[in-house]
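Student: Before anything else, here's the structure in question.
Numbering (my numbering), first residue to last: 262 to 883.
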């Protein structure tokens, strides 16, 4: 690991020099004289005297350097049968005009714009247009319930909301406009204007005096030039669930974000100008922000915007069809997507239907990649399958396998090693460091590197309370895990998911890895339930692969855990279920499952993908 080790150590020994060197890959209107302002810890700021425009870095500079005709954005909608490719020049023109439309609607530098959008090109254009005029955008996942959208509107207080008449799922059309209307009605700080993209699948009525049609505002819009902003000015606010019920607005600044994402595209994903990169996520999630929109465009690559599902639009070959059609070099998705494909196509027959010779890497993140899913994907695709770990708060990978630096050995179950700038430590509850192989809470020594959250929107106190108070001088990730003897990090799951069985601390991730190794299991989840004698015991839920039989499976799985972990794990109950409840980003709702099992009155989570799955599981949990 000579190349990686030297790079990583340089980032810790002299972070100012390391990130100033990285900053030279970004175009600045005023190049910073220093990298880090550390005068107000824990409120660190990167490139404090720098000035730039993120949209200009993503679009204008490529056009100015003669790459205007290069493909920038490929839109592929499996649910409507629509495909379109935008060149850099075309995407710049659309963005500059919508930036002019926003300005005509009264949006200025520092104003907020909330985006409530499906996966359509207008979502990307709106994000970039906000960046162009220095407005702060906040993208809310299309289809969020009205009260959740209202909470985000009230926190961000946008001048304008940009939405669409509907979203399209494989089996239904979702009336976005009705939900937007309900959210605005419930808001204490409603927007002045709502811009609506009309979709032919469900056109909507417009409210006079408030709503305007996207096409109408674009028709007469003047193009505007990019507005330089301070590197420390916010680019966007992305909300993540908060334990108090009030969402937390994660702030991303302009300068650190541009530098970090440019560095990550080249060094982690091995992607540069002319390469095709596909992050199969949603612009409502941090992956969509970082690696559908900004990351690929910052380095002049071609990015794919996909409106569809990994299965059911129309079959388990959907991802492989898109990768083959556009010559995708690197695909980035969540383990749950691969598990869904594997469940429908356990033998990989659909993989062999397509020419994937251009595909070099499969990157996975969003939840723990269990070793069995890793082995299946590696076997079927015959390319490196790279797990990496990061959070909404960090905006890019904390731990990864830097394919653009050095192809490190891959270890199943590990996202590999910490990335430059992340001084990762595994700590005991008292703050002492854990030895190799010893599980503890994963923390990151301050300051965090560029591109990570400098604070929460309008709430410095909550920022400190949520992340910085547990272990002073460190950022608390909320995940537990350990380092092995080779310096590889193993992330075993949220701290909340550690089970204490009669004094034995067991991670749900370790038990799930054993269950997932059974050839009949497609997916699984383990939660802790109360026990009068042992305090807590694990309870498991498994989903079978297509065609698998499950009559005696629970007994087999109980024995498997006994054999591979030990009898002290005390797993006695395994339920075979049709599906597991998940968020729209693919995370299994273990906390919600645990709350229901404990008899708590739990409201339907706003982030849930399919409420019917949770409804069906409630009687089993209780």
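Ideal Cβ positions, reconstructed from N, Cα and C, are used throughout, including at glycine.
According to DSSP, is residue 316 helix, strand or coil?
Tutor: Looking at residue 316 - three-state DSSP - the assignment turns out to be helix.
Student: Give a yes or no on contact between the region 299-315 and the region 346-353, applying the rule of three or more CB pairs nearer than 8 Å.
Tutor: No: the two stretches stay apart, fewer than three of their Cβ pairs being nearer than 8 Å.
Student: Whole beta strand (DSSP E) runs in the region 318-355 with 3 or more residues, listed along the chain?
Tutor: Within the region 318-355, the complete beta strand (DSSP E) runs of at least 3 residues are 332-338 and 343-348.
Student: When we look at the beta-carbon of residue 757 and count the other beta-carbons within 10 Å, is it buried (16 or more) or exposed?
Tutor: The residue is exposed, with fewer than 16 neighbouring Cβ atoms inside 10 Å.
Student: Tell whether a beta-carbon distance below 8 Å holds between residue 708 and residue 305.
Tutor: For residue 708 and residue 305, yes; Cβs fall inside 8 Å.
Student: Going by alpha carbons, who is nearest to residue 738 out of 772, 623 and 686?
Tutor: The residue with the shortest Cα to Cα distance from residue 738 is 686.
Student: Assuming residue 286 contacts residue 490 under a Cβ cut-off of 8 Å, what Cβ separation, rounded to an integer in Å, is found between them?
Tutor: The pair is not a contact, with the Cβ atoms about 19 Å apart (cut-off 8 Å).
Student: Exposed or buried, which one is residue 834 when buried takes at least 16 other CB atoms within 10 Å?
Tutor: With fewer than 16 Cβ atoms within 10 Å of its Cβ, residue 834 is classed as exposed.
Student: Throw me the rounded Cβ distance for the residue 308 and residue 284 pair, which I believe falls under 8 Å.
Tutor: That belief holds up - the Cβ atoms of residue 308 and residue 284 are roughly 6 Å apart, short of 8 Å.
Student: Between 475, 586, 448 and 325, which has its C-alpha nearest residue 459's C-alpha?
Tutor: It is 475.
Student: Give a yes or no on whether the C-beta atoms belonging to residue 495 and residue 583 are separated by under 8 Å.
Tutor: No. Outside cutoff.
Student: Kindly indicate which three-state DSSP category residue 736 falls into: helix, strand or coil?
Tutor: It is a strand residue.
Student: Taking the CB atoms as reference points, tell me whether residue 625 and residue 596 lie closer together than 8 Å.
Tutor: Their beta carbons are under 8 Å apart, which means residue 625 touches residue 596 by this criterion.
Student: Would you call residue 703 buried or exposed, if buried means 16 or more other Cβ atoms sit within 10 Å of its Cβ?
Tutor: Residue 703 comes out buried.
Student: Give the DSSP-derived three-state secondary structure of residue 680 in the structure shown.
Tutor: It is coil, neither helix nor strand.
Student: Output the distance between the C-alpha atoms of residue 319 and residue 439, rounded to the nearest integer angstrom.
Tutor: So the two alpha carbons sit approximately 34 Å from each other.
Student: Taking only runs of the beta strand (DSSP E) that begin and end inside the region 590-671, which ones reach a length of at least 3 residues, in chain order?
Tutor: Qualifying beta strand (DSSP E) stretches, in chain order: 591-594, 622-625 and 646-648.
Student: Counting beta carbon pairs with one atom in the region 382-391 and one in the region 527-536, are three or more of them shorter than 8 Å?
Tutor: At 8 Å Cβ cutoff, the stretches do not touch.
Student: Mind checking which residues open and close the beta strand (DSSP E) that includes residue 802?
Tutor: Start and end: 796-805.
Student: For residue 843, count neighbouring Cβ atoms within 10 angstroms of its own Cβ and tell me buried if that reaches 16, exposed if not.
Tutor: Residue 843 should be labelled buried.
Student: Bridge partners of residue 455, per DSSP?
Tutor: 422 and 472, per the DSSP bridge assignment.
Student: Going by C-alpha distance, which of 700, 276, 749 and 321 is nearest residue 770?
Tutor: Selected option, being the one with the closest Cα: 700.
Student: Quick one: Cα of residue 210 to Cα of residue 762, how far?
Tutor: One cannot answer for residue 210 here, as it falls past the ends of the chain, which runs 262 to 883.
Student: Leaving out five residues on either side along the sequence, give the residues of the same chain with a beta carbon under 7 Å from the beta carbon of residue 688.
Tutor: Correct list, in chain order: 694, 695, 701, 702, 704 and 732.
Student: Note the first and the last residue of the continuous alpha helix (DSSP H) segment covering residue 772.
Tutor: Per DSSP, residue 772 belongs to the alpha helix (DSSP H) from 769-777.
Student: Which residues in the same chain as residue 791 place their Cβ atom closer than 7 Å to its Cβ, once the five residues preceding and following it in sequence are excluded?
Tutor: These residues qualify, in order along the chain: 797 and 859.
Student: Enumerate in chain order the residues of its own chain whose CB-to-CB distance from residue 279 is below 7 Å, with the five nearest sequence positions on each side excluded.
Tutor: These residues qualify, in order along the chain: 271, 272 and 681.
Student: Distance, Cα to Cα, residue 564 vs residue 553?
Tutor: Taking the straight line joining both Cα atoms gives about 6 Å.
Student: With distances taken between CB atoms, is the gap from residue 849 to residue 882 smaller than 8 Å?
Tutor: In this structure, residue 882 does not lie closer than 8 Å to residue 849 by Cβ.
Student: So for residue 818, helix, strand or coil by DSSP?
Tutor: DSSP places residue 818 in helix when its eight states are reduced to three.
Student: Rank 536, 634 and 652 by C-alpha distance to the C-alpha of residue 589 and give the top, closest one.
Tutor: Checking every option, the nearest Cα to that of residue 589 belongs to 536.
Student: Name the DSSP bridge partner or partners of residue 834?
Tutor: According to DSSP, which records beta bridges pairwise, residue 834 is partnered with 800.
Student: Tell whether a beta-carbon distance below 8 Å holds between residue 463 and residue 422.
Tutor: No, the Cβ-Cβ distance between residue 463 and residue 422 is not below 8 Å.
Student: So, for residue 453: in the same chain, excluding its five sequence neighbours on each side, which residues have a beta-carbon less than 8 Å away from its beta-carbon?
Tutor: Here the set comprises 366, 367, 420, 421 and 471.
Student: As a quick exercise: from 379, 545 and 788, pick the residue whose alpha carbon is nearest that of residue 426.
Tutor: With distances taken between Cα atoms, residue 426 lies closest to 379.
Student: Within 10 angstroms of the Cβ of residue 622, are there 16 or more other Cβ atoms? Answer buried if so, exposed if not.
Tutor: Looking at its Cβ environment, which holds 16 or more other Cβ atoms inside 10 Å, residue 622 is buried.
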